[in-house]
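Protein chains in written order, with our numbering: chain A, 22 to 510; chain B, 72 to 276. Where a beta carbon is used, it is the ideal one built from N, C-alpha and C, also for glycine. Computed from a predicted model, the values in this text were never measured in an experiment. I have placed the structure first, in the form of structure tokens, so that the comments after it can refer back to it.
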Amino acid sequence: MNAATVWLLTTLGTPLATALILVLLRGRAVRAAGWLAGAAAMFSLVSAFALLPALQRGDVPTLALDWVPAANIGLELRADWLAFPFLLTEASVTLLAVVYAWGYHHLDERSPIFYALLMLFAVGMAGTTMANSMFLFYVFWELMLVASCALIAVWGEGSQRRAVALKYFIFTHLGSLMVLVGLLILYDAAGSDSFSAMQSGLELTPTLVTTVTVLFIVGFCVKMAIFPVHLWLPDAHAVAPMPVTIMLAAAMLGMGAYGVLRFPLSVFSMEQMTPFAVPMMVAGIVSEIYGALMALAERDVKRIIAYSSVSQMGYILFGLGTLTYEGIAGATLHVVFHAIVKALLFMGVGLIIHATGRRHITELGGLRGAMPLTAFCTIVGALAIAGVPPLCIFDSEWMIFAGGFHTPHLGLAILSLFGSLLTVAYALWFVGRVFFGPRPPELSVERLHWAMVAPTVLLAGLALVEGLVPAPVFAWVNQALATILGGNW
Amino acid sequence: MATGLLSGTILAGGLAFGPLVRFVANVTHTPPLATPTLQTLTTSLPALLVAVALTIVLHQLRHWSILAPISQRADRGAWDSEKGLARVAETLHSVIEVTILEQTIAWIKRAVTHSARIVWIVEHGVLEGMIDRSVQAVIDGAGIAHRAIEQEGLEGILRRAVSAALALGRRLQQWHTGQLRRNLLWVPVALALAILTLVIAGGNL
Chain A
22 MNAATVWLLT
32 TLGTPLATAL
42 ILVLLRGRAV
52 RAAGWLAGAA
62 AMFSLVSAFA
72 LLPALQRGDV
82 PTLALDWVPA
92 ANIGLELRAD
102 WLAFPFLLTE
112 ASVTLLAVVY
122 AWGYHHLDER
132 SPIFYALLML
142 FAVGMAGTTM
152 ANSMFLFYVF
162 WELMLVASCA
172 LIAVWGEGSQ
182 RRAVALKYFI
192 FTHLGSLMVL
202 VGLLILYDAA
212 GSDSFSAMQS
222 GLELTPTLVT
232 TVTVLFIVGF
242 CVKMAIFPVH
252 LWLPDAHAVA
262 PMPVTIMLAA
272 AMLGMGAYGV
282 LRFPLSVFSM
292 EQMTPFAVPM
302 MVAGIVSEIY
312 GALMALAERD
322 VKRIIAYSSV
332 SQMGYILFGL
342 GTLTYEGIAG
352 ATLHVVFHAI
362 VKALLFMGVG
372 LIIHATGRRH
382 ITELGGLRGA
392 MPLTAFCTIV
402 GALAIAGVPP
412 LCIFDSEWMI
422 FAGGFHTPHL
432 GLAILSLFGS
442 LLTVAYALWF
452 VGRVFFGPRP
462 PELSVERLHW
472 AMVAPTVLLA
482 GLALVEGLVP
492 APVFAWVNQA
502 LATILGGNW
Chain B
72 MATGLLSGTI
82 LAGGLAFGPL
92 VRFVANVTHT
102 PPLATPTLQT
112 LTTSLPALLV
122 AVALTIVLHQ
132 LRHWSILAPI
142 SQRADRGAWD
152 SEKGLARVAE
162 TLHSVIEVTI
172 LEQTIAWIKR
182 AVTHSARIVW
192 IVEHGVLEGM
202 IDRSVQAVID
212 GAGIAHRAIE
222 QEGLEGILRR
232 AVSAALALGR
242 RLQQWHTGQL
252 RRNLLWVPVA
262 LALAILTLVI
272 AGGNL
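Here it is in structure tokens:
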């Protein structure tokens, strides 16, 4: 076992061990729960970063264990260039969400379980990106769902939280079942559940290729909340406690994109994927425009940002559907940059709700004087989501649209730009309505906890820095695409 | 005289530079400038001659009116050409400058003013109105889509699916509760169905 393998284990093992410790300690670890979770998240992030030198040397840290040798089912972890950007995004978002939770979450005897579930949620996401076997992939995939569902059901806001958690579970599980069927077909064809066996070539009839691809794309689109299978998202995001919402929106949605990259795009060739290009692009455009329209129609500030996620995932699906280098690179970059900006927006919204006690946009207004730092950070987030340069999302959107214009479907590429127009509309309307104009006389503003403000400011800075210096992230994404596009394409 | 001298100088200079221009054109492979043809000369020459003549005449008139004292000018009452020419000049002034030029300027001003009004109407009435109506249509469309597609359409499908599932569950629950012998009846029925399925499936295999 070399150093890279150790880092691989600690990335996953630290939050898992912390979750177990918190569950075991329970009531005795109330005050320390947040700190323990924060330390675990920090260590997990450092471990993820520590994988970079090995990847740059050309190594691929792997850990394999034969679990059911008779059935060729093994437990394999692997960190390649495709997993790395997603792993880093998940680890960063988890750390920021945990720090945010220090200020957001009120400590009680259930707090250790709250932080333990946050850690399990993080383990689910990290394990999904690092799994190199179908069995392990699916276990971690469902762990994400179970942990987040429990968090919504117990700590969600409002009397409808259990119903929302159930709806979220059923909806997302239906998507997971479709993914499972796809995985089982691939397992049957490959004779092994290892991804490496899958990528070395599969003998599948065209009908099976179509069936598997449809199952994967639809199943992963449920996780990405693409129209019309997005219905779980607005309720789940609106009801979940804010740290969970941040992890759901910024990191978990990206796992759907990771699934599309890891499975149909890495397993099948370009010729096999070409029939799905236009449907994916059309679904992406519809989601883009529909999500933006819903954001314009909503009045709950959390739901406005939630529908924005539906729209942004549409961009990603469109980029993936172009089946071009620029489109796929842009989509992958967009996952990373969207994580930064969406976490920023939800943190800003969380600060507004926490300070004013209000969620309805008609009850807010003129807050920039009372909350200048929050206003600045949220405006940066809104401008970023609108694709304004030099903020980060402009770079990824440029690549996505360039990918669109590289396809023969110019009409679709032009249509995709309309989503951008609507994004500007709802983003600027949102900040204008909340921070400018007359302030309602009875609107009071409470003081905010530093743990909620600090990550918000950090993300605002990161949105600018990543926009000005996207080269490092782009280099990682470029390497990831060599894994996908250099294989069967 | 001066005009004539000036014109002659320019012509001579142009003629002298002719060979140089042709050399440069050959070296750079650019087509030489079109030399004035007889046609252009015949159309432009009369105008040039008239302009030169008018210049000379006006200069002479001015010269004579400056040099000669008023009394002498008065003595020249017999010389009608000067008054006539002055009257011609005045007429030309009133025709060209007052009638044509100033009227043209007034017409241009009216056109600009009216155009500005038209542009204002197009911008505020038509374009801004179109933008306002488009924005309102998008917002209204978003509201309609939210109500019709999201809440009544998709969520409605979900609500109906959940209601159907719950109704089926309640119906099955009704069948399975009640008298014990009725519930026990399901056991041999289920067994019979299972055996039948195995027989049919075994036969197909």
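Return the chain-ordered list of same chain residues with a C-beta closer than 6 Å to the C-beta of Ala100/A, the five sequence neighbours on each side being excluded.
Leu29, Leu72, Pro82, Met151
Which residues in chain A sit within 8 Å of Leu229/B, going by Cβ to Cβ distance?
Within 8 Å Cβ-Cβ: Lys188, Leu252.
According to DSSP, is Ala152/A helix, strand or coil?
Strand at Ala152/A.
Checking contacts by CB at 8 Å: is Leu314/A closer than that to chain B?
With 8 Å as the cut-off, Leu314/A counts as an interface residue toward chain B.
What separation, rounded to the nearest whole angstrom, lies between the Cα atoms of Met334/A and Ile247/A?
Whole-angstrom Cα-Cα distance: 7 Å.
Any C-beta of chain B under 8 Å from that of Pro249/A:
yes
Should Ser234/B go down as buried or exposed, given a rule of 16 or more other Cβ atoms within 10 Å for buried?
exposed
Answer with yes or no whether the minimum CB distance from Ile210/B to chain A is below 8 Å.
yes
Please report how far the alpha carbon of Thr32/A lies from the alpha carbon of Ile238/A, in whole angstroms.
28 Å
Hey, how far is the Cα of Gly371/A from the Cα of Arg47/A?
27 Å
For the 8 Å Cβ check, are there 3 or more pairs between the stretch 122 to 141 of chain A and the stretch 285 to 305 of chain A?
no
Would Arg182/A pass as a contact of Ile191/A if the rule is Cβ separation under 8 Å?
no
Applying a beta-carbon distance threshold of less than 7 Å, which residues of chain A neighbour His122/B?
Looking at the sequence itself, residue 122/B is Ala, so the reference to His does not match. Those within 7 Å of Ala122/B in chain A number zero; the least Cβ separation is about 59 Å.
What did DSSP end up calling Asp416/A once you bin it into helix, strand or coil?
Of the three classes helix, strand and coil, the one that applies to Asp416/A here is helix, per DSSP.
I believe Thr35/A touches Ala58/A by the beta-carbon criterion, under 8 Å. Please report the beta-carbon distance rounded to the nearest angstrom.
Actually they do not touch by this definition, with Cβ atoms about 10 Å apart.
Kindly indicate the opening and closing residues of the beta strand (DSSP E) around Leu96/A.
Membership of Leu96/A in the beta strand (DSSP E) is indicated by the continuous run 94 to 99.
So is Ile318/A in contact with chain B if we call contact Cβ pairs under 8 Å?
It is worth fixing the name first, because residue 318/A is Ala in this sequence and not Ile. By this cut-off, Ala318/A is an interface position.
For a minimum of 4 consecutive residues, which ranges assigned as the alpha helix (DSSP H) are wholly contained in the stretch 235 to 283 of chain A?
253 to 260, 263 to 268, 274 to 283
Residues of its chain near Gly179/A, where Cβ-Cβ distance is below 7 Å and the 5 sequence neighbours each way are ignored:
Val260
Which first and last residues belong to the beta strand (DSSP E) in which Asp87/A is found?
For Asp87/A, the uninterrupted beta strand (DSSP E) segment begins and ends at 83 to 89.
Return the bridge partner residues of Ser215/A from the DSSP annotation.
Ser154/A
Would you give the residue range spanned by the alpha helix (DSSP H) that Ser65/A belongs to?
51 to 71
Just grab the DSSP bridge partners of Asp321/A for me.
His381/A
So, using beta-carbon positions, are Gly348/A and Leu354/A closer together than 8 Å?
Not a contact, by the Cβ cut-off of 8 Å.
Distance between Gly196/A and Val243/A (C-alpha atoms, nearest Å)
5 Å
For Met301/A and Leu274/A, believed in contact at Cβ under 8 Å, the rounded distance:
With 8 Å as the limit, Leu274/A and Met301/A do not qualify as a contact, their Cβ atoms being about 16 Å apart.
For Ile373/A and Ala481/A, I'd like the C-alpha separation in whole angstroms.
16 Å
Here's a check: name, in chain order, each residue in its chain whose Cβ is nearer than 7 Å to the Cβ of Ile271/B, leaving out the five neighbours to either side.
Beyond the five residues adjoining it in sequence on each side, Ile271/B comes within less than 7 Å, by CB distance, of no other residue in the same chain.
Along chain A, in chain order, which residues have C-beta atoms closer than 8 Å to that of Leu225/B?
Pro249, Leu252
Three-state secondary structure (DSSP) at Glu178/A?
coil
Quick one: is Ala211/A buried, meaning 16 or more other Cβ sit within 10 Å of its Cβ, or exposed?
buried
With 8 Å as the threshold, decide whether the Cβ of Ala213/B is near any Cβ in chain A.
yes
Output needed in chain order: residues of the stretch 184 to 206 of chain B with a Cβ under 9 Å from some Cβ in chain A.
Val206
Just to confirm before moving on: does the CB-CB distance between Val455/A and Gly386/A stay below 8 Å?
yes
For Met146/A, which option in Gly124/A, Val120/A, Phe105/A, Ala186/A has the closest C-alpha, if you only look at C-alpha atoms?
For Met146/A, the nearest C-alpha among the options comes from Phe105/A.
Hey, does Ala219/B have any beta-carbon neighbour from chain A nearer than 8 Å?
no
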